[in-house]
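Residue numbers (the working numbering), protein chains in the order written: chain A, 1 to 182; chain B, 1001 to 1198.
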Amino acid sequence: MVVVLTLICTVCGVALSGLENMTAERIIQQTLLFVQGPNVEDVLDGSDNDLIADRKPITVDGEELILFVGKQEDKPWAVAYETTSSGFGGDVTIMVGYDLEQDKLTGLKVGKNSETAGIGSRVTEVQFTKQFKGLDIALEFTDGPCPVGIDAVSGATVSSTAVCEALKESVEIYPKVKESDL
Amino acid sequence: MGLMHEFTKGLWKDLAPFRVVLGLCPVLAVTKEAETGLGMGIGVIFVLTCSNIIVSSIRKLIPRQVRIASFIVIIASFVTMVELFSQAYFYPIYQKLGIFIPLIVVNCIILGRAEAFASRNGVVASALDGLGIGLGFTMSLVVLASIREILGAGTIFGIDIMWESFRPFTFMAEAPGAFISLGLLLGIMNAVSKTSQS
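Shown next, in the form of structure tokens:
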């Protein structure tokens, strides 16, 4: 009884880990294309290069990051990368784009999240995220978790806070990202 | 000829989920669009057929006390394969189906056939049973999803087919519409079989 069950579980386990190994690479590619892709295209709008292909892994503060570089006529004009914070239903990941010359935000998009549908998920909507476009990186967080002048989504305080905290982290590492070899 | 009956019964006599009223939860959830209905159906055909084959081939080796646990492990493995495969090669469908792919494990049709049929019959018969019921399930999903998509969005498989001034009946795309369409189809099917019997 125990033997049969153990045997079945072992065979299944081995088969599945083998399959997972085989598909891991492809799955990362697909996630990049369909999940992060649209967000990168949005915040780095105006670039003329292949944003997914031109991504590079960099290390900031000992942590690995995937940097998306936007180029115009082969010259990098903006970068974008993801940061994560803890939201209502789990991690909230945001993609923030930065204009390298003006040191301003080119846009913010919310990526992977598990916020409550219809309530917390409203932070992914353009009404909320468009507030961040064009902001200077010298943001003041004196008036609460979100930068001064940003309106949170009413009824979605935790989700809004998560986005703002992830933004704070993003802005904090921007100088180091800019320093790294582009 | 007796074997072909195992296949054809899944297409009408034991059509899931209308005559064998099992697996209703995913039916209601994924039939918003015809494409997701088809995707779910293909996943179920794969899991049902493969798990029926495996369960049938090792049915003499599984002790009675652990049979359900064994069936679940086998079914869950095939569902995980479907999940990994769809994530790797059909990402948009994987995104749309979301949590309903892993939920195929607890789809009563699959466990039901493993227990009621595959654990008591030969491999070929079980494979045909799985294929037939899976195919019938897929047909039902696509029909229901098409009705909901045409009325609820004016498209089918993403293609606009209704006239210009058609206002989508969005009620059909939501949960209440799902229940009502399912109920109506069930009623129609019952009426049809009653008249064909008499």
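The beta carbon of each residue, even a glycine, is placed where N, CA and C say it ideally should be.
- Item | Rounded distance between the beta-carbons of B/V1047 and B/L1144, thought under 8 Å | Counting from one through the second sequence, the residue named residue 1144 of chain B turns up at place 144. Counting from one through the second sequence, the residue named residue 1047 of chain B turns up at place 47. Rounded to whole angstroms, the Cβ separation of B/L1144 and B/V1047 is 20 Å, and the two are not in contact under 8 Å.
- Message: Measuring straight from C-alpha to C-alpha, what distance separates B/A1153 and B/A1069?
- Response: By 1-based counting over the second sequence, the position of residue 1153 of chain B is 153. By 1-based counting over the second sequence, the position of residue 1069 of chain B is 69. In a straight line, the C-alpha of B/A1153 is about 42 Å away from that of B/A1069.
- Message: I believe B/T1149 touches B/E1033 by the beta-carbon criterion, under 8 Å. Please report the beta-carbon distance rounded to the nearest angstrom.
- Response: For the purposes of this step, residue 1149 of chain B is taken as the residue at position 149 of the second sequence. For the purposes of this step, residue 1033 of chain B is taken as the residue at position 33 of the second sequence. Correcting the residue type first, residue 1149 of chain B is Glu in the shown sequence and not Thr. Beta-carbon to beta-carbon, B/E1149 and B/E1033 are separated by about 5 Å, close enough to satisfy the 8 Å threshold.
- Message: Using only CA atoms, which one of A/S17, A/G134, A/V158 and A/P145 lies nearest to A/A78?
- Response: In the first sequence, residue 78 of chain A corresponds to position 78, counting from 1. With distances taken between Cα atoms, A/A78 lies closest to A/G134.
- Could you tell me the distance, in whole angstroms, from the CA atom of B/I1109 to the CA atom of B/G1023? Along the second sequence, one-based indexing puts residue 1109 of chain B at 109. Along the second sequence, one-based indexing puts residue 1023 of chain B at 23. A direct Cα-Cα distance of roughly 6 Å separates B/I1109 from B/G1023.
- A/V158 and A/G111 look like a contact to me (Cβ under 8 Å); what is the Cβ gap, rounded to whole Å? Your numbering for residue 158 of chain A matches position 158 in the first sequence. Your numbering for residue 111 of chain A matches position 111 in the first sequence. The Cβ separation is near 17 Å, so there is no contact.
- Message: I'd like to know if B/M1081 contacts chain A, where contact means its C-beta is closer than 8 Å to some C-beta of that chain.
- Response: The residue you call residue 1081 of chain B lines up with position 81 of the second sequence. Interface residue, yes.
- Item | Chain-ordered chain B contacts of A/L51 [CB-CB under 9 Å] | Sequence index remark: in the first sequence, residue 51 of chain A carries index 51 (1-based). For A/L51, no chain B residue has a C-beta closer than 9 Å to its own C-beta; the minimum C-beta separation is roughly 18 Å.
- Task: Just the chain B side, please: which residues come within less than 8 Å of A/C12 by C-beta, in chain order?
- Result: Locating residue 12 of chain A in the first sequence gives position 12, where the first residue counts as 1. In chain order, V1073, I1074, A1076 and S1077 make up the part of chain B whose C-beta sits under 8 Å from the C-beta of A/C12.
- Message: Which residue wins for smallest C-alpha separation from A/V35, given the options A/D91, A/A162, A/I173 and A/M95?
- Response: The residue labelled residue 35 of chain A in the question sits at position 35 within the first sequence. The option with the nearest alpha carbon to A/V35 is A/M95.
- Message: Measuring alpha carbon to alpha carbon, tell me which residue in B/L1084, B/R1167 and B/A1125 is nearest B/K1009.
- Response: To locate residue 1009 of chain B, count along the second sequence from 1; it is residue 9. Nearest of B/L1084, B/R1167 and B/A1125 to B/K1009, Cα basis: B/A1125.
- Message: Rounded to the nearest angstrom, what separates B/I1161 and B/A1118 at their Cα positions?
- Response: On the second sequence, residue 1161 of chain B is found 161 positions in, with the first residue counted as 1. On the second sequence, residue 1118 of chain B is found 118 positions in, with the first residue counted as 1. If I take the Cα positions, the gap works out to 42 Å.
- For B/A1127, count neighbouring Cβ atoms within 10 angstroms of its own Cβ and tell me buried if that reaches 16, exposed if not. For the purposes of this step, residue 1127 of chain B is taken as residue 127 along the second sequence, with counting starting at 1. Buried, because 16 or more other Cβ atoms sit within 10 Å of the Cβ of B/A1127.
- Query: What separation, rounded to the nearest whole angstrom, lies between the Cα atoms of A/G97 and A/E63?
  - Reply: As a working note, residue 97 of chain A is residue 97 in the first sequence. As a working note, residue 63 of chain A is residue 63 in the first sequence. About 19 Å.
- Task: Measuring alpha carbon to alpha carbon, tell me which of A/A53, A/D91, A/T84 and A/S47 ends up nearest A/D74.
- Result: Taking the first sequence and counting its residues from 1, one reaches residue 74 of chain A at position 74. Ranking the options by Cα distance to A/D74, first place goes to A/S47.
- Determine which residues of the stretch 1090-1105 of chain B have a Cβ less than 7 Å from any Cβ of chain A, and write them out in chain order. The stretch 1090-1105 of chain B vs chain A, Cβ under 7 Å: Y1091, P1092 and Q1095.
- Task: Please confirm whether B/V1044 and B/A1076 have their CB atoms less than 8 Å apart.
- Result: Within the second sequence, numbered from 1, the residue matching residue 1044 of chain B stands at position 44. Within the second sequence, numbered from 1, the residue matching residue 1076 of chain B stands at position 76. Cβ distance not < 8 Å, so B/V1044 and B/A1076 don't count as in contact.
- Query: Roughly how many whole angstroms lie between the Cα atoms of B/V1073 and A/I8?
  - Reply: Residue mapping note: residue 1073 of chain B aligns to position 73 of the second sequence, counting from 1. Residue mapping note: residue 8 of chain A aligns to position 8 of the first sequence, counting from 1. Cα-Cα distance, rounded: 8 Å.
- Message: I want to verify the contact list: residues of chain B whose CB lies under 9 Å from the CB of A/V4, in sequence order.
- Response: Taking the first sequence and counting its residues from 1, one reaches residue 4 of chain A at position 4. Simply I1058, L1061, I1062, P1063, V1066 and S1070.
- Message: Closest to B/T1049 by C-alpha separation, out of B/R1120, B/G1134 and B/L1111, would be which residue?
- Response: Your numbering for residue 1049 of chain B matches position 49 in the second sequence. B/T1049 has its Cα closest to that of B/G1134, out of B/R1120, B/G1134 and B/L1111.
- Euclidean distance between Cα positions of B/L1185 and B/L1011: For this step, residue 1185 of chain B is matched to residue 185 along the second sequence. For this step, residue 1011 of chain B is matched to residue 11 along the second sequence. Taking the straight line joining both Cα atoms gives about 15 Å.
- Message: So that I know if they touch, is there some Cβ in chain B lying closer than 8 Å to that of A/R55?
- Response: Walking along the first sequence from the start, residue 55 of chain A turns up at place 55. Not an interface residue.
- Near B/G1177, which residues of its chain fall below 7 Å by C-beta distance, leaving aside the five closest residues on each side in sequence? Mapped onto the second sequence, residue 1177 of chain B falls at position 177. Answer for B/G1177: R1148, G1152 and F1171, listed in chain order.
- Kindly say whether A/E20, judged by its beta-carbon, lies nearer than 8 Å to any beta-carbon of chain B. Mapped onto the first sequence, residue 20 of chain A falls at position 20. For A/E20, the answer is yes, since a Cβ of chain B falls inside 8 Å of its Cβ.
- Endpoints, beta strand (DSSP E) assigned at A/L65: Within the first sequence, the letter at position 65 stands for residue 65 of chain A. Unbroken beta strand (DSSP E) run through A/L65: E63 to Q72.
- Message: So if DSSP puts A/L209 in a beta bridge, which residue, or which two residues, is it bridged to?
- Response: Given a span of 1 to 182 for chain A in the structure shown, any question on residue 209 of chain A remains unanswerable.
- Task: Please check the pair B/A1114 and B/S1193, which I expect to be a contact at CB under 8 Å, by giving their CB distance rounded to whole angstroms.
- Result: As a first step, residue 1114 of chain B must be located in the second sequence, where it is residue number 114. As a first step, residue 1193 of chain B must be located in the second sequence, where it is residue number 193. Incorrect: roughly 27 Å between the Cβ atoms, too far for contact.
- Task: Would you identify the three-state DSSP class for B/I1062, choosing helix, strand or coil?
- Result: Your numbering for residue 1062 of chain B matches position 62 in the second sequence. Coil, per DSSP.
- For B/T1138, which residues does DSSP report across the bridge? Indexing the second sequence from 1 puts residue 1138 of chain B at position 138. The partner list for B/T1138 (beta bridge, DSSP) is empty, contrary to what the question assumes.
- Query: CA-CA distance, A/G144 and A/L51?
  - Reply: Position 144 of the first sequence, counting from 1, holds the residue named residue 144 of chain A. Position 51 of the first sequence, counting from 1, holds the residue named residue 51 of chain A. Each residue's Cα considered, the two are about 34 Å apart.
- Message: By DSSP's criteria, A/Y81 is part of a beta bridge. Which residues make up the other side?
- Response: Residue 81 of chain A sits at position 81 when you count from the first residue of the first sequence. Residue pairing for A/Y81: DSSP places it in a beta bridge opposite A/V96.
- Please report how far the alpha carbon of A/T10 lies from the alpha carbon of A/V2, in whole angstroms. For this step, residue 10 of chain A is matched to residue 10 along the first sequence. For this step, residue 2 of chain A is matched to residue 2 along the first sequence. Cα to Cα, A/T10 sits roughly 12 Å from A/V2.
- Message: So with CB distances below 7 Å, who are the chain A contacts of B/A1088?
- Response: Translated into positions along the second sequence, residue 1088 of chain B becomes position 88. Going along chain A in sequence order, the residues near B/A1088 (Cβ under 7 Å) are T23, R26, I27 and Q30.
- Task: Please list the segments of the alpha helix (DSSP H) lying wholly inside the stretch 1037-1088 of chain B, counting only runs of 4 or more residues, in order along the chain.
- Result: You should have found no qualifying run.
- Consult DSSP for A/K75 and reduce its assignment to one of helix, strand or coil. Indexing the first sequence from 1 puts residue 75 of chain A at position 75. DSSP, reduced to helix, strand and coil, places A/K75 within a strand of the structure shown.
- Within the 8 Å Cβ cut-off, does B/L1084 reach chain A? Taking the second sequence and counting its residues from 1, one reaches residue 1084 of chain B at position 84. Yes, B/L1084 lies at the interface with chain A (some Cβ there is under 8 Å from its Cβ).
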